[in-house]
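Working notes for the structure below.
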Amino acid sequence: MFNASSELESLIARSVPGCLPEQLSLTPLTGLTGTSWRIDLHHQPRWLAKPRLASQDILGIYRHQEYRTLRRISGAGISPQPVLLTDRWMISSWIEGQILGDRFSHDCGLDGIANSLVRLHRLPPNGFSLNLKQRFERYLHGIDKRRLSPRWLALHQRYLNSSLPRHLKLAPAHLDLHGDNAVLCSNSLMFIDWEYSSDADIAFELAMLFCGNRWNKGLETDLLQRYINAGGYSDGEKLRHQIDNWKPYVEYLILLWFETRWQQTKNQQYLIDCQPIRIGYGI
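Mapped onto the UniProt record's numbering, the consecutive letters of the sequence shown carry residue numbers 1 to 283.
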């Protein structure tokens with residue numbers, strides 16, 4: 001085992017001119033995909049270091065892709081700035097502000113979500129397109145095989161053989177938006193944790209937002225109207241229809257993710273969270 005704290009102190013000191021290890025302090029932050037570190041300079045938060053782990057591959061998390069995505073989108077003012085990428089770490093700027101948390105679905109969150117999504121979706125694609133069926137296959141390999149009934153395998157094959165909805169607009173997408181990944185800063189809402197980000201249909205992004213947060217129709221309609229008013233997409237009816245087309249694929253992706261995470265962690269909460277989807281599919 002290597003000493004992550006000492007390694008990061010040395011790495012920052014070598015990479016940042018004039019920075020000395022004794023000026024730094026590190027705080028571990030336990031997340032869903034490994035322990036990250038907040039790095040303070042003179043007791044002020046400055047950077048976030050995320051590990052590069054082999055266990056992340058099956059989830060579709062690639063730090064080099066996250067780093068390059070941040071390089072392309074950070075000028076939009078809705079994401080951290082990329083700082084450094086090594087074979088062990090990805091380091092980005094620390095976003096100082098208030099985590100929205102439960103306020104994500106309230107008025108103060110919805111306006112910010114809509115405006116920041118519009119800014120993101122106006123950017124040109126990054127060149128890292130989401131291969132949804134490949135993601136389905138990758139997740140299936142990470143699931144406890146004893147849980148894969150014939151009915152489930154048949155369902156999986158139907159998704160693989162189906163024709164995906166056509167894109168309304170291909171754009172950079174975050175794909176993991178929830179209250180803990182939204183930071184309210186002085187003049188805007190910024191998104192953090194871009195590890196699942198890929199180019200995707202804007203309607204797929206919105207379907208992920210709605211299904212992942214279990215929003216009701218009222219909240220969905222509210223956010224969509226704010227998104228349209230902010231210049232996101234002019235044809236609301238067409239956008240709504242396309243979101244509904246993507247929702248079955250999103251639900252299945254969420255199910256596979258929960259099952260893969262349970263297999264990795266044995267945290268029973270993942271099974272509890274995916275049970276309503278399993279019941280809906282009858283598997």
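Built from N, CA and C at the ideal position, the CB exists for glycine as well.
Legend entry - Local Cβ density within 10 Å of C211, reported as buried at 16 or more and exposed below that: buried
Inset, instruction - Can you grab the Cα-Cα spacing for the pair K145 / P51, in whole Å? - result: 28 Å
Inset, instruction - With DSSP collapsed to three states, give me the class of L20. - result: L20: coil per DSSP, three-state reduction.
Inset, instruction - With a floor of 3 residues, list each beta strand (DSSP E) that falls wholly inside the region 77-152, ordered by position along the chain. - result: 82-85, 89-93
Legend entry - Three-state secondary structure assigned by DSSP to P248: Helix, per DSSP.
Inset, instruction - With DSSP collapsed to three states, give me the class of A13. - result: helix
Inset, instruction - Quick one: grab the DSSP three-state call for I283. - result: I283 falls in the coil class under three-state DSSP.
Legend entry - Alpha-carbon spacing of G142 relative to S149, whole angstroms: 15 Å
Legend entry - Cβ-based burial, N3 [other Cβ within 10 Å; buried from 16]: exposed
Inset, instruction - In angstroms with no decimal places, state the Cα-to-Cα distance between F136 and L160. - result: If you draw a straight line from the Cα of F136 to the Cα of L160, it comes to about 8 Å.
Inset, instruction - State buried or exposed for T69, treating a residue as buried only when at least 16 other CB atoms are found within 10 Å of its CB. - result: With 16 or more other Cβ atoms within 10 Å, it is buried.
Inset, instruction - Pick helix, strand or coil for P28, following the three-state DSSP scheme. - result: strand
Legend entry - 7 Å Cβ cutoff, D244 in contact with chain C: The structure shown contains no chain C; it is built from a single protein chain.
Inset, instruction - Could you check what DSSP says for I272 in three-state terms: helix, strand or coil? - result: helix
Inset, instruction - Can you tell me which of C19, P45, L224 puts its alpha carbon nearest to the alpha carbon of L26? - result: P45
Inset, instruction - Sort T35, I95, F258 by Cα distance to N181 and report the nearest one. - result: Between N181 and the set T35, I95, F258, the nearest pair of CA atoms involves I95.
Inset, instruction - Determine contact between the region 168-177 and the region 125-136, defined as no fewer than three beta-carbon pairs at a distance below 8 Å. - result: A contact exists between the region 168-177 and the region 125-136.
Legend entry - Residue from A114, S6, Q268 with nearest C-alpha to L219: A114
Inset, instruction - With a threshold of 6 Å, establish whether the CB of H106 neighbours any heavy atom of the ligand HEM. - result: This structure does not include the ligand HEM; it has no bound ligands of any sort.
Inset, instruction - Determine the DSSP secondary structure at W194, reduced to helix, strand or coil. - result: coil
Inset, instruction - Ignore the nearest five residues each way along the sequence and tell me which others in D273's own chain have a CB closer than 8 Å to its CB. - result: F258
Legend entry - Given H43 as reference, the closest of H106, Q23, R14, S55 once Cα atoms are compared: When only C-alpha atoms are compared, the closest one is Q23.
Inset, instruction - May I have the straight-line CA-CA distance separating L239 from Q157, to the nearest angstrom? - result: 27 Å
Inset, instruction - Just grab the DSSP bridge partners of I39 for me. - result: L26, W47
Legend entry - Member of I277, R138, G179, I279 whose CA lies at the smallest distance from the CA of S55: R138
Inset, instruction - Could you check which residue in T265, L41, D102, G75 has the C-alpha nearest to that of P17? - result: For P17, the nearest C-alpha among the options comes from L41.
Legend entry - For L209, the residue or residues it bridges with in DSSP: L209 pairs with nothing; no bridge assigned.
Inset, instruction - Return the chain-ordered list of same chain residues with a C-beta closer than 8 Å to the C-beta of D199, the five sequence neighbours on each side being excluded. - result: P125, N126, G127, F128, S129, L130, L170, A171, P172, A173
Inset, instruction - Report yes or no: do three or more beta-carbon pairs, one from the region 55-67 and one from the region 76-87, lie closer than 8 Å? - result: Contact between the region 55-67 and the region 76-87 is present, with at least three C-beta pairs closer than 8 Å.
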